[in-house]
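Trainee:
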Amino acid sequence: MAEELSSGYIPGDVEPGWYNRWIDADCFRGNEEGTGEPYSIVIPPPNVTGILHLGHVLNNTIQDILARRARMEGKEVLWLPGTDHAGIATQSKVEQQLRKEEKLSRHDLGRDAFLERVWEWKEKHGGIIINQLKRLGCSCDWSRERFTMDEDYSEWISKIFVDLFEEGLIYRGKRMVNWCPKSLTALSDEEVIMKPQRSKLYYMRYRIAGEEDRWVEIATTRPETLMGDSAIAVNPKDERYADLIGKSAIRPFPEKEIPVIADEHIDPEFGTGVLKVTPAHDKADFEIGQKNDLEIIDVFNPDGTLNELAGPEFAGMERFEARKKAAEKLEEMGQLVKVEDYENNVGFSERADVPIEPRISMQWFLRYPCQKEAAEAVANDEIRFRPERWKKTFAFWMDGIQDWCISRQLWWGHQIPVWYRKDMAEELKNRESLDLKDAGANIHVGVNPPADPENWVRDEDVLDTWFSSWLWPFATMRSSQEESTQTLAKFYPTADLVTGPDIIFFWVARMIMAGYRWQGELPFKNVFFTSIIRDRKGRKLSKSLGNSPDPLDLIDQFGADGVRFGLMRIAPTGTDVRYDEDQIVEGRNFANKLWNAARYRQMQGPITDRQLPVADLSIYAIDILAKLQKLESNLANAYEDYRFNELTQLLYDFWWSEYCDWYLESTKGDFSDTASEAQRQATLTTMDVVLERFLMLLHPVMPHLTEELWEKMGFGDGETFLMLTAVPEESVLASVPDEQVTAAQEQVAKIYEAVGRARNLKAEYGLGAKKDVRFILDPSDAAFAESEVFLTLARGAELDLQPGFEAEKGVPAALTAIGKLFLPLDGLIDVDAERDRLQKELTKTEAEVKKVNAKLANENFVSRAPEAVITETKERQKHWQDRAAELEQMIANLG
RNA sequence: GCGCGAGUAGCUCAGCGGUAGAGCAACUGGUUUACACCCAGUCGGUCGGCGGUUCAAUCCCGUCCUCGCGCACCA
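In the numbering used here, the protein residues as written are 4 to 898.
1. Give me the residue from 43, 19, 27 and 21 with the minimum Cα distance to residue 529.
2. Could you give the distance in angstroms between the alpha-carbon of residue 347 and the alpha-carbon of residue 223?
3. For a test of the three-state rule: what should DSSP assign to residue 13, helix, strand or coil?
4. Which ranges does the beta strand (DSSP E) cover as unbroken runs of at least 3 residues, wholly within the region 576 to 601, from first to last along the chain?
5. Report yes or no: do three or more beta-carbon pairs, one from the region 400 to 417 and one from the region 462 to 469, lie closer than 8 Å?
6. Could you tell me if residue 773 is buried or exposed, where buried requires 16 or more neighbouring beta carbons within 10 angstroms of its beta carbon?
7. Below 8 Å CB to CB, which residues in the same chain sit around residue 481 once its five sequence neighbours on both sides are set aside?
8. Under 8 Å by Cβ, that's how I've got residue 662 and residue 693 pegged, so tell me the actual separation to the nearest angstrom.
9. Measure the alpha-carbon distance for residue 825 versus residue 648 and round it to whole angstroms.
10. Return the Cβ separation of residue 900 and residue 712 in integer angstroms, given the expectation that the two are a contact with Cβ distance under 8 Å.
11. Which of the three DSSP states is assigned to residue 942 in this structure?
12. Tell me the DSSP bridge mates of residue 817?
13. Taking its Cβ as the centre, do 16 or more other Cβ atoms sit within 10 Å of residue 866, making it buried, or is it exposed?
14. Considering Cα atoms alone, identify which of 844, 7, 76 and 734 is closest to residue 760.
15. On the criterion of 16 or more Cβ atoms from any shown chain inside 10 Å, does residue 114 qualify as buried, or is it exposed?
16. Just the Cα atoms here: how many angstroms apart are residue 216 and residue 289?
17. Could you check what DSSP says for residue 4 in three-state terms: helix, strand or coil?
18. Below 8 Å, can you find three or more Cβ-Cβ pairs linking the region 509 to 523 to the region 98 to 107?
19. By the DSSP assignment, the alpha helix (DSSP H) with residue 649 in it spans what residues?
20. I think residue 134 touches residue 533, with their Cβ atoms under 8 Å apart; what is that distance to the nearest whole Å?
21. How about residue 209 and residue 248: do their beta carbons lie closer than 8 Å?
22. If you scan the region 125 to 167 from start to end, which runs of the beta strand (DSSP E) of 3 or more residues do you find wholly inside it?
23. State the Cα-Cα distance for the pair residue 450 and residue 484, rounded to the nearest angstrom.
24. With a CB to CB cut of under 7 Å and the five nearest residues on each side skipped, what residues in its chain are close to residue 73?
25. Would DSSP call residue 904 helix, strand or coil?
26. Going residue by residue through the region 157 to 237, where are the continuous beta strand (DSSP E) segments of at least 3 residues, counting only ones entirely within it?
27. Within the same chain, show all residues whose beta-carbon is closer than 8 Å to that of residue 197, passing over the 5 residues directly before and after it, in chain order.
28. For residue 729 and residue 883, I'd like the C-alpha separation in whole angstroms.
29. Cβ of residue 340 within 8 Å of Cβ of residue 220?
30. Considering only DSSP beta bridges, list what residue 447 is partnered with.
31. In angstroms, rounded to a whole number, what distance separates the CA positions of residue 186 and residue 100?
32. Check this for me: beta carbons of residue 82 and residue 143, under 8 Å apart or not?
33. With DSSP as the reference, label residue 246 as helix, strand or coil.
34. Hey, is the region 260 to 269 in contact with the region 356 to 375, meaning 3+ C-beta pairs nearer than 8 Å?
35. Using only CA atoms, which one of 34, 257, 269 and 567 lies nearest to residue 238?
36. From what residue to what residue does the alpha helix (DSSP H) around residue 569 run?
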């Protein structure tokens, strides 16, 4: 029921209450038995360890807007939420805590005890981000919340591993991988970030074996790996070194004779044109090694320190320490020629932010399934990417797709469902490769463990977290045991996926392939890519820079609705977003503006039945209703194109400018003692119609505030929720003839324009605040009858209609759309000031005349431009010419 | 190196063939039937540079400059 509004909107008093009421009433439930057209989104699962940052706010606000809009279109909506287990991030957080608080490593605890700790940690902190999403107002169906380590979900992981293994797409092999010496695990190519580094290029010389004082010079950035050199290589076409091929060089330490070989890969232009070949520590070198059957000498330990193979003085030394030491040693031996500054790109571990080591190790790899289907679906727009340009990025990656290293040397995650027979385990572990044809008596690959587990040992590794996320759209809707479910039948494929372009390969591409592989169809129809939020200086938001505001602080300060609205106004249309707190302030201000406009309405009397009295509608009422109608169609277009900034701006402009600044102000006279009851009722009804419809339109963006006003104003019946109310399809102006609407809008536009002129005149003469001024109008239409509203808006006491009025010299005047307007100033006439003012306007007008004349004087324009453009230009010419003539006359009259 | 995107008012950004727009900031003036988280007014732009297409270019094309991003990578 209607309830009085306070003078300022306090979001903190309103928002949490509404969220609880929605939850209690089960408003977010996606009903698989519902009859409405289905609309579904799966949330990009945030890390269970994570806390909300602005990127999440942006992303989830968009999803919430889409979900709420769909509900109000009468659709059956499912927004399915959840979190992922974030293997490396979570494990290292718990390890860190363990080290700090108990001085223990995970190995001290052992696998099972450690995992128990992780689960404890998850129980304690895992709900944080979910609660933060709730505070934002996200209308997720929490009854369906999923976690990638849930039992059901985990079964899926084993199942797909087994499927892919049996299909021959998963294999184990000894390969060069990206090794993170800090997290002590292999990483996929996607988890390596190339960063330019200021390095040094070391020029060193190796002696040629069997020759008197002959040396060969080699340039390298990594002298610490020279102990692992097993050859040096030159380009076969490089004449400088042709005679060396087949000979040997002496590796300085540990001293050893290594062959000089020829390989096309070597660029004669780079450095000295000679490459030291370290097959164990460089991807390219590894390949050269394979081709030439070179020895692989791994001189590193997994943690990035050097081992005994590097020699006793290097063993145990950290890799960058060893770099210095190796250079010093070469120097001492007289084999360091020079050192140059050099900038090169070095791969860093995305999570641990340390340089990765290319390292040979035994890992599981996946050849992607359904590549063709995925590539085609995006190429032919069955799955639409927005903005479209990401299609290209996707296609490019799909085209050069590499096998995916899916094993991780971690404990937290889905353990690989492979068991080795105990007595064979060592031998199998070291086997160069392993795949389908090796399975059988000694290797068990299955969802369930072998029947006699005591005779088997399980592969210790876990799977990449993304190996679980790529199943998200369907594995959240049915278990691996079920053929289908009602939920899946109703809501799969999902409609929209909202995510960042930074995970287009990590997640989006893989989900598409998984969708085709296990569901036989695409997982979503549209992908909307948001972008990265930066600060005003264009830097990425990050904790270490301290430029990343805590969204919860912002919500406390400005309200969730204010944050949502503010962020949407700067939402990306394809590029990065520059975050600016002023925008959030604007969001809050807008909420307050709406609140107060509702409050004003409330002060004028009880709510009406919202049946427009067509015969009594003023031109201003018709105008605002027409603008509301226009707003609805503009909004529909903006939604169609996922233009969130535009739709927010449309809502803002309509309400603040069109409704509050103009319409609401124009009605103030309707509530005076002299106004008729019919007039008053017509205005109140118009206001109610506009406000009610506007609350519906705004609701997806500002759910709490709109729901509150809906209730407090008394629009609902006290039982239903605005969020579940369908927006009527019928236009608010359906009962008014089009010609009448057009005529009213034209007239109102003229009056508003003239009001602007009048205000301007007042301000120019320092009377901006005065209300008792008298205007004289020489009207262009003798039937002019809108004096009252004109005076309300322009704040004047009298509008004296005097056709053909001739002013005294120096009386300020302005040309308006409704006629020539004068502002008589008793005894205050300043002829010079008025002349200057008019002259200024004349100058501007003449510039316009000149522009338009030039255009019409151009024969090419007149003969080739479309008729409509020429007509319009001629009209404009007349308009400016008339105006200039009148201004000239006015100036002449001043003497 | 290849590809993508951006450069419009002091700031954050819209507009993308036919009279350059908003909000903030600045300045002037204001308590008026809600709102100072407010109201009214003003100032402010060779739309990154240079060419081209067109009757007409901020918008299309080419090229260059600056910045950001992605991919690849020469040790």
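Each residue gets a CB set at the ideal place from its N, CA and C atoms; glycine is no exception.
Mentor: In terms of the structure at hand:
1. Your numbering for residue 529 matches position 526 in the first sequence. Checked all of 43, 19, 27 and 21; the closest Cα to residue 529 is 43.
2. Reading the first sequence from its first residue, position 344 is the one you call residue 347. Reading the first sequence from its first residue, position 220 is the one you call residue 223. The straight-line gap from Cα to Cα measures roughly 11 Å.
3. For this step, residue 13 is matched to residue 10 along the first sequence. In the structure shown, residue 13 sits in coil (DSSP, three-state: anything other than H, G, I, E or B).
4. none
5. yes
6. Position 770 of the first sequence, counted from the first residue, corresponds to residue 773. Label assigned to residue 773: exposed.
7. The sequence position of residue 481 within the first sequence is 478, counting from 1. Closer than 8 Å at Cβ, skipping near neighbours: 487, 488, 490 and 491.
8. Looking up residue 662 in the first sequence gives position 659. Looking up residue 693 in the first sequence gives position 690. About 6 Å separates the two Cβ atoms, so the contact holds.
9. By one-based count along the first sequence, residue 825 stands at place 822. By one-based count along the first sequence, residue 648 stands at place 645. Each residue's Cα considered, the two are about 42 Å apart.
10. One cannot answer for residue 900 here, as it falls past the ends of the chain, which runs 4 to 898.
11. Here the chain comprises residues numbered 4 to 898, so residue 942 is not present and cannot be evaluated.
12. Looking up residue 817 in the first sequence gives position 814. 824, per the DSSP bridge assignment.
13. Here the question's residue 866 lines up with position 863 in the first sequence. Under this definition residue 866 is an exposed residue.
14. Taking the first residue of the first sequence as position 1, residue 760 is located at position 757. Comparing Cα positions, the closest option is 844.
15. Within the first sequence, residue 114 is the residue found at index 111, counting from 1. Label assigned to residue 114: exposed.
16. By 1-based counting over the first sequence, the position of residue 216 is 213. By 1-based counting over the first sequence, the position of residue 289 is 286. Answer to the nearest angstrom: the Cα atoms are 30 Å apart.
17. The sequence position of residue 4 within the first sequence is 1, counting from 1. Confidence is the limiting factor: at residue 4 the pLDDT is only 43, short of 50, which leaves the residue's position unreliable, though a coordinate-based value still follows. Coil, per DSSP.
18. no
19. Here the question's residue 649 lines up with position 646 in the first sequence. First-last of the alpha helix (DSSP H) with residue 649: 647 to 655.
20. One-based indexing of the first sequence puts residue 134 at position 131. One-based indexing of the first sequence puts residue 533 at position 530. Residue 134 to residue 533, Cβ: 22 Å. No contact.
21. On the first sequence, residue 209 is found 206 positions in, with the first residue counted as 1. On the first sequence, residue 248 is found 245 positions in, with the first residue counted as 1. Cβ distance not < 8 Å, so residue 209 and residue 248 don't count as in contact.
22. none
23. Along the first sequence, one-based indexing puts residue 450 at 447. Along the first sequence, one-based indexing puts residue 484 at 481. Between residue 450 and residue 484, the C-alpha separation is close to 11 Å.
24. Indexing the first sequence from 1 puts residue 73 at position 70. If we look at residue 73 and ignore the five residues flanking it on each side, its Cβ neighbours are 42 and 80.
25. Because the chain here runs from 4 to 898, residue 904 falls outside it and cannot be looked at.
26. 173 to 183, 188 to 190, 195 to 211, 218 to 223 and 234 to 237
27. The residue you call residue 197 lines up with position 194 of the first sequence. Excluding residues within five positions, the ones whose Cβ falls inside 8 Å are 348, 349, 350 and 351.
28. Locating residue 729 in the first sequence gives position 726, where the first residue counts as 1. Locating residue 883 in the first sequence gives position 880, where the first residue counts as 1. Their Cα atoms are separated by approximately 48 Å.
29. Position 337 of the first sequence, counted from the first residue, corresponds to residue 340. Position 217 of the first sequence, counted from the first residue, corresponds to residue 220. The answer is yes: Cβ separation under 8 Å.
30. On the first sequence, position 444 is the one that residue 447 refers to. According to DSSP, which records beta bridges pairwise, residue 447 is partnered with 422.
31. Sequence index remark: in the first sequence, residue 186 carries index 183 (1-based). Sequence index remark: in the first sequence, residue 100 carries index 97 (1-based). Taking the straight line joining both Cα atoms gives about 15 Å.
32. Residue numbering aside, residue 82 sits at position 79 when the first sequence is read from its first letter. Residue numbering aside, residue 143 sits at position 140 when the first sequence is read from its first letter. Taking 8 Å as the Cβ cut-off, residue 82 and residue 143 qualify as a contacting pair.
33. Counted from its first residue, the first sequence places residue 246 at position 243. Three-state DSSP puts residue 246 in a helix.
34. no
35. The residue given as residue 238 occupies position 235 in the first sequence. Nearest C-alpha to residue 238: 269.
36. The count along the first sequence starts at 1 and reaches residue 569 at position 566. Unbroken alpha helix (DSSP H) run through residue 569: 563 to 572.
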